[in-house]
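Colleague:
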Amino acid sequence: MLRQIVKDYSVVTTLTPSGVVPQGTSSAAKGVIAYILEDNAAEASILDIGFGTGGLGELIKSDARTRHWSVDGVDGFEANCANPILLKSGIYRNIWHGLAQEIPLETLAQYKIICLLDVIEHLPAEAAKLLLETLLRNMGQDSFLFISIPLWFYPQDMMQSGDLEAHLIGVPVTSMTALKPKIYCVSEPFIGTFVLTKGSLDFIDAFQPTTDPRFSMERGMELADLIEFRYDTNIIFRTGW
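My numbering numbers the first residue of the sequence shown as 1327 and each following residue consecutively.
#1: Grab me the residues of Arg1545's own chain with a C-beta within less than 7 Å of its C-beta, minus the 5 sequence neighbours each way, in chain order.
#2: Just grab the DSSP bridge partners of Phe1533 for me.
#3: Jot down the residue ranges of each uninterrupted alpha helix (DSSP H) in the region 1347-1431, minimum 4 residues, whole runs only, in chain order.
#4: Gly1466: which of Ala1532, Ile1446 and Ile1440 sits nearest, CA to CA?
#5: Could you pull the start and end residues of the alpha helix (DSSP H) that Arg1463 belongs to?
#6: Please say whether Asn1406 and Gln1330 have beta carbons closer to each other than 9 Å?
#7: Are Lys1508 and Thr1523 closer than 9 Å when you measure CB to CB?
#8: Grab me the residues of Arg1393's own chain with a C-beta within less than 6 Å of its C-beta, minus the 5 sequence neighbours each way, in chain order.
#9: Starting from the Cα of Cys1511, find the closest Cα among Ser1353, Lys1438 and Arg1463 and give me that residue.
#10: Since Arg1329 is in the beta strand (DSSP E), which residue starts that stretch and which ends it?
#11: Applying the criterion that 16 or more other CB atoms from any shown protein chain within 10 Å of the CB defines a buried residue, is Met1502 buried or exposed?
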């Protein structure tokens, strides 16, 4: 069950310092978020799942095009939710400690953009697919899912007990292109950032992550070349779907 830490920019619970270091910085092309909506001037509510040290929220609030957006965050690592630097910044309107799977489904439709940056690779394969399907199914008809994932099995272990940092899967590029993203961008080291729409739900069965650590970056790139997937670093592509 989610535990609310911040409500309307105010801390609403007692926080006990633990000495554990907040962590979690995404390698995603976070700047893509400013190119998702046709009109950035409108108010928008953003849900940042697995916000880590708050890099995405900070980017949104530092950009004149998006700083008026409201950003909520959910993170499973308690130290991130109790990060005094992040709490003092006032970036996040609401913060909850808990897992993505615990987010009440009825709340998802209120968000214009749901962000899942460098999160899904930390889940077992079936749980990853279920989470992706759940978010797509329950988000608003005109909402977007902003997701990033290593397009290979990127080896990473835990750094601190309970930090949820271990990588359990890799996702072949074919799984992501099959979801018909509206926009995509690739950053180093071969991390794909994709913008999905409600229509992606129709192709969810094509999402097939791998647990094979031999699925190296080289193999991931070979597969991308095979399907003529363009992955020029930090170039934003609009697919036309």
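Beta carbons: idealized from backbone N, C-alpha and C, even for Gly.
Modeller: So, from the data block:
#1: Trp1478
#2: Bridge partners of Phe1533: none, in fact.
#3: 1381-1388, 1404-1407 and 1410-1415
#4: Ile1440
#5: Ala1451 to Asn1464
#6: no
#7: yes
#8: Lys1387
#9: Ser1353
#10: Arg1329 to Lys1333
#11: buried
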